[in-house]
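Residue numbers (the working numbering): 5 to 382.
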């Protein structure tokens, strides 16, 4: 390698370090760790209330996890695409790559189901990875091809349009508008498109990651793009950036709570008030992380979360496989959970400690990948 090439490589590496947000990696890692923790309790009948989703309306800490992840997807789009998107000659290749990644995420979800539960008869077609894939592609398209003003207008139109459809348009099955689980417009659309055999196994009449609810989920991704674009600007100083992020976040939370009065905050429906409320908290959380980690330089605690953030999708996939096969291990007639946790703790604590142990086990696997500098990208 020539001296000029070495200098160019060093300059590129230095620029990458300056533009990469450690706080964003940590924020993503915390979100993934929380997702694994709430998805893998030792006993589904004994879960502390903050670690459960709301029964319907309302928002628990667990309900924040998925919108936080989609918000992070939006922020990450800015940081990964801004330089290339500035050159229109890159657009076709970028869009093809984004489409490929979205499709792969959908196929991964379907493959997981078929491996763990073989058979197509009750294969769930909507899902978490499916929603991530769709949101990622559409938000990438809008970031590459649309201006920030256009994205802002779309954000508002999506939230208002979704509100109008869900609260005023009669559902064909019943002839009235409804926000109840089985009789809302989203549930009717999912039954019509997918049939009841291919919806969420807990109900088969509606799906929390259904088609219509993916529209406001796109707005959550656009919220992240708006915040990421502001955070990546070079003209305001760090204090101004952080102050405005806190202001935007608090304002969004307040607007979400106001809208909640007549369009309830609801994760399963991904209501417009839910978008504002959770997007506001995500902005506040990222602003605090950015101030603490990237501005103040407090990084000693961040090492635990970086491996989760570096291989987020891999960690999520393993959180399906690892518990599934560990639960199949039997010693005599007892499972690992019944031997290691159930006899020594109260039912709720045993379930929680088992979930923490599972999260740590997956962290070890992610840590090994991170040490070997293996980043699995779709």
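Ideal Cβ positions, reconstructed from N, Cα and C, are used throughout, including at glycine.
Since the structure is predicted, the reported quantities are computational estimates derived from the model, not experimental observations.
Through-space distance from residue j to residue i, alpha-carbon basis
| i | j | result |
| --- | --- | --- |
| residue 138 | residue 228 | 15 Å |
| residue 120 | residue 367 | 22 Å |
| residue 359 | residue 240 | 42 Å |
| residue 339 | residue 33 | 30 Å |
| residue 337 | residue 344 | 14 Å |
| residue 306 | residue 346 | 32 Å |
| residue 72 | residue 166 | 20 Å |
| residue 111 | residue 244 | 42 Å |
| residue 316 | residue 323 | 11 Å |
| residue 259 | residue 242 | 26 Å |
| residue 326 | residue 65 | 24 Å |
| residue 129 | residue 301 | 44 Å |
| residue 348 | residue 355 | 11 Å |
| residue 95 | residue 52 | 47 Å |
| residue 374 | residue 364 | 15 Å |
Per DSSP, cross-strand counterpart(s) of residue i
| i | result |
| --- | --- |
| residue 334 | 339 |
| residue 62 | 270 |
Short Cβ contact (9 Å threshold) for residue i with residue j
| i | j | result |
| --- | --- | --- |
| residue 109 | residue 145 | no |
| residue 183 | residue 196 | no |
| residue 351 | residue 35 | no |
| residue 158 | residue 226 | yes |
| residue 148 | residue 216 | no |
| residue 136 | residue 77 | yes |
| residue 214 | residue 194 | yes |
| residue 370 | residue 312 | yes |
| residue 271 | residue 58 | yes |
| residue 211 | residue 219 | no |
Coarse secondary structure for residue i, derived from DSSP in three states
| i | result |
| --- | --- |
| residue 115 | helix |
| residue 187 | coil |
| residue 224 | helix |
| residue 213 | coil |
| residue 105 | helix |
| residue 288 | helix |
| residue 130 | coil |
| residue 121 | coil |
| residue 204 | coil |
| residue 376 | coil |
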